[in-house]
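*Asks:*
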Amino acid sequence: MVSFRNFAASLLAVLLAVIIGAVIGSGALAPAPQTPGAGPKAGPAHSADGPNASRTSGSAAGLEEADKFARAVGGRAVAGVLSGQSVLVVTVPGAEQGDVDAVKDYLSKAGAQLSGHIGVTDAFVGTADEAKLRTVVDNIIVPGAPLDPNNVDQQSRVGDVIGSVLAPQTQDNVKPEERANAINLLRVNGYLSVAQDPAPAAAAVIVTGGALAADSGDKGPAVARFAKALRARLPAVVVAGRSGSSGGSAAVALIRADKATQLSAVDDLDSPMGQVAAVLAVAEQLQGHVGQYGTGEGATAVAPTIG
Numbered sequence: 003m004v005s006f007r008n009f010a011a012s013l014l015a016v017l018l019a020v021i022i023g024a025v026i027g028s029g030a031l032a033p034a035p036q037t038p039g040a041g042p043k044a045g046p047a048h049s050a051d052g053p054n055a056s057r058t059s060g061s062a063a064g065l066e067e068a069d070k071f072a073r074a075v076g077g078r079a080v081a082g083v084l085s086g087q088s089v090l091v092v093t094v095p096g097a098e099q100g101d102v103d104a105v106k107d108y109l110s111k112a113g114a115q116l117s118g119h120i121g122v123t124d125a126f127v128g129t130a131d132e133a134k135l136r137t138v139v140d141n142i143i144v145p146g147a148p149l150d151p152n153n154v155d156q157q158s159r160v161g162d163v164i165g166s167v168l169a170p171q172t173q174d175n176v177k178p179e180e181r182a183n184a185i186n187l188l189r190v191n192g193y194l195s196v197a198q199d200p201a202p203a204a205a206a207v208i209v210t211g212g213a214l215a216a217d218s219g220d221k222g223p224a225v226a227r228f229a230k231a232l233r234a235r236l237p238a239v240v241v242a243g244r245s246g247s248s249g250g251s252a253a254v255a256l257i258r259a260d261k262a263t264q265l266s267a268v269d270d271l272d273s274p275m276g277q278v279a280a281v282l283a284v285a286e287q288l289q290g291h292v293g294q295y296g297t298g299e300g301a302t303a304v305a306p307t308i309g
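In my numbering, the protein residues as written are 3 to 309.
(1) Return helix, strand or coil for Y295, following the three-state DSSP convention.
(2) Give the straight-line distance between the Cα atoms of N191 and A201, rounded to the nearest whole angstrom.
(3) Around the Cβ of Q171, are there at least 16 other Cβ atoms within 10 angstroms (buried) or fewer (exposed)?
(4) Rounded to whole angstroms, what's the CA-CA distance from A262 to D131? Just pull it up for me.
(5) Tell me the DSSP secondary structure of V83 in three-state form.
(6) Spatial neighbours of V2 within its chain, please: CB distance less than 7 angstroms, with the 5 preceding and 5 following residues excluded, ordered by chain position.
(7) Where does H48 land, buried or exposed, given buried means 16+ other C-beta within 10 angstroms?
(8) Do you know whose CA, among S248, G118, D217, lies nearest D260's CA?
(9) Starting from S195, trace the beta strand (DSSP E) in both directions and tell me its first and last residue.
(10) What beta strand (DSSP E) runs, 3 residues minimum, are completely inside the segment 244 to 271?
(11) For Q289, count neighbouring C-beta atoms within 10 Å of its own C-beta (all shown protein chains included) and say buried if the count is 16 or more, exposed if not.
(12) Using 8 angstroms as the cut-off, can you tell me whether the segment 241 to 255 makes contact with the segment 264 to 275, which would need three or more C-beta pairs spanning the two stretches below that distance?
(13) Using the three-state DSSP reduction, which class does L116 fall into: helix, strand or coil?
(14) Compute the Euclidean distance between the alpha carbons of L1 and V225, then round it to the nearest angstrom.
(15) Leaving out five residues before and five after Q198 in sequence, what residues of the same chain have Cβ atoms less than 6 angstroms from its Cβ?
(16) In the DSSP assignment, find the beta strand (DSSP E) that holds T93 and state where it starts and stops.
(17) So what does DSSP say about V144, is it helix, strand or coil?
(18) Is the beta carbon of A285 less than 8 angstroms from the beta carbon of V127?
(19) Return the chain-ordered list of same chain residues with a C-beta closer than 6 angstroms to the C-beta of V136, the five sequence neighbours on each side being excluded.
(20) By the three-class DSSP mapping on this structure, what secondary structure does G121 have?
(21) Can you give me the Cβ contacts of S273 inside the same chain, cut-off strictly under 6 angstroms, excluding the 5 residues immediately before and after it?
(22) Mark Q99 as exposed unless 16 or more other C-beta atoms lie within 10 angstroms of its C-beta, in which case mark it buried.
(23) Taking just the CA atoms, how far does K221 sit from A252?
(24) At the level of alpha carbons, what is the spacing between A305 and V209?
(25) Nearest to A164 by alpha carbon, out of V239, A112, P95?
(26) In angstroms, rounded to a whole number, what distance separates the CA positions of Y193 and K134?
(27) Roughly how many angstroms lie between the CA atoms of T58 and E66, to the nearest whole one?
(28) Rounded to a whole number of angstroms, what is the C-alpha to C-alpha distance between S158 and T93?
(29) Ends of the alpha helix (DSSP H) at V284?
(30) Output needed for L109: all residues of its chain with C-beta closer than 7 angstroms, excluding positions within five of it in sequence on either side, in chain order.
Encoded structure:
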């Protein structure tokens, strides 16, 4: 008799084979020369049509078929892979509510417990209030979880703060009221929104948007710095963006440009297969592996394979 685990693994293999076949057959993933800052190593990249080519060119028909299949069996593909794990959802300006809802749905199907839902605000990713943000962070004191003095920019410091009060390894030293106070100080000063008060978490999914405009300033770098600092505290952090997020100054692109990154990233969260990949990437990181997934520049596979 085939066990449920083996069945799920087999189903996932079929899912990935069909998706990869559809994507490659449609030309969405085409080998391209590695360009400076394109990611840790050469891999599947966008066609020459631009950052959104994977979903706006003639590849659409093949991708639609792959999406239909992912939508039909995605829940089974992720079933149980995060059983017993607590996962925080973080949104950034530009994240689409539909993407957030889909991530939460697949996390639930994977057996994860949603530990909370917070969002960083425009004030957080901007640079106008750096001095004020520094003062706010300076006033967050958690004796049982001291901050990393090597973090000097404020977005990294906030990632460190949130990670320090939520990380599993600090919970014996962090009081619930200290955790609540840290989150509340960031909230009342306009740097966080709180949709669901966060509890300790083993992992986080950061939901971003798509391509950033040329005048977006520090938005992408700020999110990337925040994610890196959060990952230094939590066992797993996945940054997931929409089509177009693998180019320019978007956080996904910057993460992939860092050869030493400990962050996994997904660049097609606006598709069912990207939503499945984001959840599988969390499970993969908890097993000690990091990967870059999707159909965009710097992606090395459509989705991870969980053993």
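Where is the CB? At the ideal position from N, CA and C, for every residue including glycine.
Here the structure is a predicted model, which is why all the values come from computation and not from measurement.
*Replies:* Result, derived from the coordinates:
(1) strand
(2) 21 angstroms
(3) exposed
(4) 30 angstroms
(5) coil
(6) Not covered by the structure: residue 2. The range shown for the chain is 3 to 309.
(7) Confidence is the limiting factor: at H48 the pLDDT is only 35, short of 50, which leaves the residue's position unreliable, though a coordinate-based value still follows. With 16 or more Cβ atoms within 10 Å of its Cβ, H48 is classed as buried.
(8) S248
(9) 194 to 198
(10) 266 to 268
(11) exposed
(12) yes
(13) strand
(14) Nothing can be reported for residue 1: it is not among the residues displayed for the chain, which extend from 3 to 309.
(15) G118, H119
(16) 88 to 93
(17) coil
(18) no
(19) Checking the sequence, you will find Arg at residue 136 rather than Val. Here the set comprises Q156.
(20) strand
(21) D69
(22) exposed
(23) 8 angstroms
(24) 17 angstroms
(25) This sequence places Ile at residue 164; Ala is not what is there. Of the candidates V239, A112, P95, the one whose C-alpha sits nearest the C-alpha of I164 is V239.
(26) 10 angstroms
(27) Because the pLDDT of T58 is 47, which lies under 50, any placement of that residue in the model is unreliable, and the number read from its coordinates should be weighed accordingly. Computed Cα separation, rounded: 11 angstroms.
(28) 16 angstroms
(29) 274 to 288
(30) L84, V89, L116, V281
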